[in-house]
Each structure stands twice: as C-alpha cells, then as structure tokens.
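Protein chains in written order, with my numbering: chain A, 2 to 557; chain B, 14 to 348.
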C-alpha cells in the first residue's frame, strides 16, 4: 500500500508540475498554428544548425577532458586526488554567464587580456564571439559533470571483474581498455546526454557570446529570447514552436548516444563486491599531474581570478593600478537592502528544491527500474521517468511562462459557503521552488536511474525475502547503496538553482527576490564589477558548502 | 502534491471575500499591484512616502525589465487574469497596443495637463510619467575631444568604422524605439551603419561595458546609464547628438481589470505628482512634470535637440512592427 501511495503521489506531482504546464504551452500553438511557420524562416533554420553544432562541440570538449580527468581522479594512484577533485569541480559552480563575462574580458578580439598578450608577440587574436568561443566556455563548464560521472562509475564497480581479466593474462592497459572503461560507459553516456540537452537549451552563454560581432551566430535560445522580448503576446506561440525543435534535439541527440550503447547490460554492483585497487600510473605520473594541473589553471584559476579582479575594479576597463582597485563594490552590493535577504532566500530555496527534486526523482527512477511492465513492451513507469526529463530541454523563459500560464491563477474552493480554500502560488516562494524542481528534475531522475541500473535487484529481493517491507528495503538497502549518487544529484540541482536567473526574474514577486533577480539587476542597471562581486560571493558560498558536504559525507 | 497543497494554501473563514472592489471614491486601502521597470532604488524611495500619505494602502511592486514585465503580464492575462493595476514601463509602443486591445482604463491625474501633450494618449489611457534619452557616449580617455562624433549620422562615417556599438533592437525596447526613429524616413542610415561594422548586441549596460573597456569606445546608450557610471568614476562621456536625441517615454497606465481602482488611482496621482516625479529625477531620468529638477549631471531638456513624437507615429510603428523587425534581421544577417 505504501508503495502505491508513493507512486501515485509522484505521478500526480509529475502531472501537475511537468505535464500540465507543457500541455498549456502546446495550447499556445493550437491558438496560433501560424506560428509554426517560424520554423521555416532561414534565420531560425540556421540557428537550429548552430544549436546542433554547438551541442556537439561542447560535448566533444567535455568528453575529451572529462573522461581522462575522471579516470585519473577516480581510479589511479595520482597524488592528492581529493584536492584535485574539489578543484576540478569548481567550473560547474561558477554561474555560466559569469564565466562568459570572464572569458569576454580575457578573449574579446579587440582588447581581451589574453589577446593583448597574443597580439603583443605577433600572434593572431582569439575570438570568443563565435560558436567556438561558446563551445569553449560551455565545454569547460560541463567537464566536471563528465569527470564526476566517470570517476563515480569507476569507483563503484566490482573489482573482481578486473581481477578476472588480469588472471586471464590481460595486461593492466588491456584490462583498462576492455574491462574498466566499458564498465564506466553507462554513467558517462548519461552525463553526455545531459551535456547535449543542457548545451542546446542554454541561454546565458550564447546570449553574451552570440552577437558581439557584426555577423552574429544565433542559436535557438537567443532567437526565442528575441521573439519574446519584442512581442510579449504574439511572440509566445513562436517561442513555443522554436522550443519544440529544442525538445526534439534534447531527446534526439541523447537517443543517438543510447543507440551507441546497444542493449548490453551493465549491472556491476552485486552483493559480493571486493575492494577496488587503484591503477598504478608509473612513469606516466608526472604527465598525469601536469594534465590535471593545466586543466585547473585554465578552467578554474584563470576565470575565477578574472572575476575576482573585475570585482575589485573601480571602473571596468580602467586598468589594474592600485588607484583603480577598491573594495567599495563589495560595500555597495552587500550593503543593499535586499542583498542579505536574497542570498538567504536562494540558499534555502535551492536546498529545498534540491531535496524535493531528489526525492521525486528517486521514486520515479526506482519505479522505472523495478516496476514490472504492465503489458508486453509497455512500462508506464519508464514513460513517466522520460517525461520528467523534458523540462530540462525547454529554455527557462519558456518554462517559466508555462508555469505562469498553468499556475498563476488563484484556485478557490468554497466549502459550505463559509470557508474558502485559496491556492495562490503566484508571487510566493512556492512557485519559484517548484520551478527549480521542474527544471532540474532531470538530474536526480537520470542519476538515480543509472545508479539503480548498476545495483543488482537481487540485493533488494534478498531484503524482501527476509521479511522487510517496501519502506524498510528502500531505507536499509537501496538508499544506502545510492547515497553517493544521490548526494551528487542533490548538488547538481542545488548549484544551478542557487543562482538561477531566467525563470527567477519572471516568477519572483516583491517579497521573494532571490540571487538571480539581484544579479540581473546588477547586470542591467549596475556594472560588470558589481555583478562580479555577487558572482564571487555566490561562488564562495557554493564552494564552501560543497567542501562541507564532502567532509560530512566522509565522516558519516 | 499534498505537501505542497498544504502549504501553498490559504484558508479564509467567513463569507467568501469579493476579489474585486468597486471604485467607491472612498479612502484608498488594501493591496495594489504595480508592475514596473523603475529602478529598485526609486521604488525604495517612493514606497514609504506613499504609505505615509495613505495608511492602510499596501503597494506591491513587481519590478523587472520592461520586456519581462510585459511577458509576465501577457501570460497572466492568457491564464485568466492579473492583479496588476498600474503599469509603468518604458516601451511606449506596448501601451498603444494595450490601448487598442481594451486592456487599459482611462484616467486623468490632477497633474496631467502639465505633461507634454505629444506624450499623452488623447483618450487618457496612458500618460508619460518619465523620459529616458538615447544619446551618444564615448570613452573620454580613448577618444580625444576633436575625434568625437557630434551626431548619430557620424557613426556611418569611416572615422568610426568598427569602433561603435548599439544595443540589440530586437531585444531592448529603448533601442527598438531608436531604430524606429532612424528608419522613419528610409533605411539608408541603418544600411550605412551595417556597412561601417555595426555591432548591435545586448542591452544598454553591454554597450556601456564595451565603451569602458575600449572594445568599442563609441556607443548609442541611455543617458541614465552614462550618468550613473560617471558618478562611479567611469571615463564615459555623454554627447547629445545634433541630429536629435531619441526620447523614450515611460508611460503610466491603469488597467481596465484592476481589482482595486481606488487605491490604484491614489498611487497613480502620487507617481505623477511632485514627490513621485522628484524621486524619478533622482533616478537619473527626466521627470514628466516640468517643475521637477533636471537629473544631476544632465543638460536641461529644453537645451537638447530631440526627435519629436509626431501624432500617429507610434500607431504607424506598431502597425508595421513585424516588418521592421524582419527587415532589421535580414540587414544584420546580410554581408
């Protein structure tokens, strides 16, 4: 009975939060089918092609860096692995548009800090205002995601498989190539499909980098932004039509990846696990350390230092002499009446949203993996888990409008003419928190799904046979095995929700301003140094929280 | 869903409260929602003054960029209705559209006769409450006085090739207004800009950043952004173009579906009254009432050459908005 209640609740929540807003958005197209014509406009076609190119380039960079990093940090005897792992996760923590601002400062073709050096020694300048520039910024941002997925899969695998390969006479490298890395495949592919979907749906970086030149490279999300901003009502169906293409890409591109993997099964955590022994790097150790350190320097130190220096500038572009350095920006931003409230509000709102999303996502993934199919080939739970991933491929602005269309009205139920129950979500923290859950639900669903795939159902069955009920099995067997995965999923929701901008500016009311609205304010009405101050503060808070969480997880 | 119903819910005991009040001309009380793009600092200044004038009145401000305010309100209307009573953003064309759609209610504040007649809707559906100016600006350290542009027209001159930028007229309402004036008598100037290496991207703060860093040391930007930057010590210098700064009116309007019109009118009167207008001037914008002071560091409006809003101009632009956007898109995407 508990089992049915939990499943029913989860499906109800999914319908109310995900399906209903998406259906309402589709209703916009029914209202104005002519908007579909926008799909044939040459500019939009080019934007769609650019979106695909950008997603693939981002993925290529993230895989090229993330898989080796994940292997080095997850399975080898590299020195100070814990330290490097924390450092290399940092790019994910910096809000993407802030990273973009840092890279514009470094790499704009006219006077970027790096480009000045390049031009100084007679080399051509690098142009950040291009698809390549976008892929660079977004690829670095996505690398930790692939890295953690690789490291996690490798750390959780059954070492006896490797031992058997060694006993059969395979060399360490051969074992690595034909046993270890293939076993990491499901985790890496899950991460890869997220990178693709998130690159296609991302707005902040392309918005800043798509059009800094005379001939802008637009992607679908920047076209959607233009459609909505000048025509708030007639532009909405157009935005929905373009979002459909994004949805198709968000589903289609990852499906290609799943096709790569075929029908092989990857159950590697059984009841008989042995300790995983680290892979000896031997003579390659200095090279490996160099690679990790180089990544840290380019992807972490460089942009973070740029943002920090920017936050200290009296005037942006005024040079770095002592006269132009000041702490006044910090006093001005943190002294704002709304700053402390917004930071605190975002902090617990993101924590609540992360907890809610992980709870809902785990339940959905569990039923996908463990519920028996209703009819041959049809498993409703699988469809449900699939639905939960859709919102991630929809741009934040469009999703927020869907939530407004679906849930901005007060729902009143009058009982016995005396008592009124009014469900009023608009301008409350609830609509913000729910928006974050909807948008980022894909992370816990995907993480728990690949986590559960690796756990042999026989473990749960054993518990059931010993007389444990559904709840007890979940609590004593499944969840403990999934704990590292779920902690990672929690962080994956918490971090972007903490500094989310696009949905927050549409959904927050006068008493519910958050970090995102503050950042937007500083960026629009303030100046880059002020926005950089908030970025430094946000990054510091998340890094500190991340470190604390890791420490707590280690001690527990 | 239960956990969320329980907490997102409000329970009222007693006879169901009427959601909409009549305009009874009595004392303004209760909640009134203002959707605005005014700076938070201006809101922080006027909110306590309104509360002091009208105890019992509770102004609620939804503040975001003009475009976001419009998106949210249109979505709420599509969903069934909005509690928004007063609108105060800076996209004049939107108000012309809203008036045509019957979304606005006529109202004349006591001070309305002092507002520039060209910027008052003849039916009283909207009135200008503040004026922003689009001007030229340069980085004073990088562009010596003799080399600065005097007029928008100079930007098409080879002297400024690849050295100037504007915001994106497809995303920023102020730049769209500017473009509408530029192409009112033909597209020659816009094409000249394109040939001269135009970058039209981001909002006004992006243009300002490009000026400050020297990435593009000349720009078309809102005067209020320049004034605020100068106060922080930025080397940016405003230039009032000889061929006419672009006046971007920020209308105020009452919605026809306002649930609390008595309170809304009280706030309307305040914002268009002397105290409200003074707060607006302190926010670096020109007030609509001539009696309010000129923004600090700016020239008085009467000394600045501006492009006039002729009768029927706004309606013509609204009627051909799609065509204008289309033509601009293909111009920018072209060679």
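For each residue, glycine too, the CB sits at the ideal point set by N, CA and C.
Taking its Cβ as the centre, do 16 or more other Cβ atoms sit within 10 Å of residue 466 (chain A), making it buried, or is it exposed?
exposed
Distance, Cα to Cα, residue 271 (chain B) vs residue 41 (chain B)?
14 Å
Give the straight-line distance between the Cα atoms of residue 409 (chain A) and residue 514 (chain A), rounded to the nearest whole angstrom.
17 Å
May I ask which residues mark the beginning and end of the alpha helix (DSSP H) holding residue 368 (chain A)?
340-371
Flag this pair as yes or no: are the beta carbons of residue 519 (chain A) and residue 343 (chain A) separated by less than 8 Å?
yes
How long is the line joining the alpha carbons of residue 1 (chain A) and residue 354 (chain A), rounded to whole angstroms?
As shown, chain A starts at 2 and ends at 557. That puts residue 1 (chain A) outside it, with no answer to give.
Tell me, which residues are paired with residue 75 (chain B) by DSSP?
B:48
Alpha carbon to alpha carbon, how far is residue 233 (chain A) from residue 427 (chain A)? Give it in angstroms, no decimals.
Per the coordinates, the alpha-carbon of residue 427 (chain A) lies some 19 Å from the alpha-carbon of residue 233 (chain A).
Go ahead and label residue 477 (chain A) buried or exposed: buried means 16 or more other beta carbons lie within 10 angstroms of its beta carbon, across all protein chains shown.
exposed
Would you mind telling me which residues of chain A sit closer than 9 Å to residue 333 (chain B), beta carbon to beta carbon, in chain order?
Near residue 333 (chain B) there are no residues of chain A at all, since even the closest Cβ is about 13 Å away, more than 9 Å.
Can the beta-carbon of residue 98 (chain A) be found less than 8 Å from the beta-carbon of residue 206 (chain A)?
yes
Are residue 137 (chain B) and residue 119 (chain B) close, meaning C-beta to C-beta below 8 Å?
yes
Using CA atoms only, rank isn't needed, just tell me which of B:288, B:57, B:178, B:189 is closest to residue 340 (chain B).
B:189
Nearest by alpha-carbon distance to residue 388 (chain A): which of A:365, A:110, A:405 is it?
A:365
For residue 116 (chain A), name the three-state secondary structure that DSSP assigns.
helix
Give me the Cα-Cα distance between residue 19 (chain B) and residue 69 (chain B), rounded to the nearest whole angstrom.
Its pLDDT being 45, under 50, residue 19 (chain B) is placed unreliably by the model, and nothing is read from it.
Would you mind sorting residue 447 (chain A) into buried or exposed? The rule is 16 or more other CB atoms within 10 Å of its CB.
buried
Excluding five sequence neighbours on each side, which residues of the same chain lie with their C-beta closer than 6 Å to the C-beta of residue 248 (chain B)?
152, 153, 154
Please go through the region 201-273 of chain B and give each complete beta strand (DSSP E) segment of 3 or more residues, from N-terminal end onward.
231-235, 249-252, 258-268
So what does DSSP say about residue 111 (chain A), is it helix, strand or coil?
coil
Less than 6 Å between C-beta atoms, sequence neighbours within five positions excluded: which residues of the same chain meet that for residue 95 (chain B)?
86, 89
Considering Cα atoms alone, identify which of A:224, A:179, A:61 is closest to residue 42 (chain A).
A:224
For residue 328 (chain B) and residue 192 (chain B), what's the separation of their Cα atoms in angstroms?
15 Å
According to the neighbour-count rule (16 or more other Cβ atoms, all chains shown, within 10 Å of its Cβ), is residue 102 (chain A) buried or exposed?
buried
Do residue 49 (chain B) and residue 74 (chain B) have their CB atoms nearer than 8 Å?
Closer than 8 Å, so yes.
Is the Cβ-Cβ distance between residue 317 (chain A) and residue 529 (chain A) less than 8 Å?
yes
Using the Cβ count rule (16 or more neighbours within 10 Å means buried), how would you classify residue 18 (chain A)?
Residue 18 (chain A) sits buried, since 16 or more C-beta atoms from the chains shown fall within 10 Å of its C-beta.
Relative to the C-alpha of residue 161 (chain B), which candidate in B:322, B:254, B:144 has its C-alpha closest?
B:254
Per DSSP, what kind of secondary structure is residue 315 (chain B) in: helix, strand or coil?
helix
Quick one: which chain B residues come within Cβ less than 8 Å of residue 524 (chain A)?
Ordered by position in chain B, the residues that pass the 8 Å Cβ test against residue 524 (chain A) are 218.
List the whole-angstrom C-beta distance separating residue 236 (chain B) from residue 311 (chain B), where the pair is believed to meet the contact cut-off of C-beta under 8 Å.
6 Å
How many whole angstroms separate the CB atoms of residue 295 (chain B) and residue 58 (chain B), which I take to be in contact at a CB cut-off of 8 Å?
7 Å
Distance, Cα to Cα, residue 305 (chain A) vs residue 112 (chain B)?
Their backbone Cα atoms lie some 49 Å apart in a straight line.
Strictly by DSSP, which residues pair up with residue 178 (chain A)?
Note: residue 178 (chain A) sits in no beta bridge, so no partner.
Spatial neighbours of residue 257 (chain B) within its chain, please: C-beta separation below 6 Å, excluding the five flanking residues on both sides.
318, 319, 320
Any C-beta of chain C within less than 8 Å: which residues of the region 328-351 of chain A qualify?
The chain inventory of the structure shown lacks chain C, comprising the protein chains A and B.
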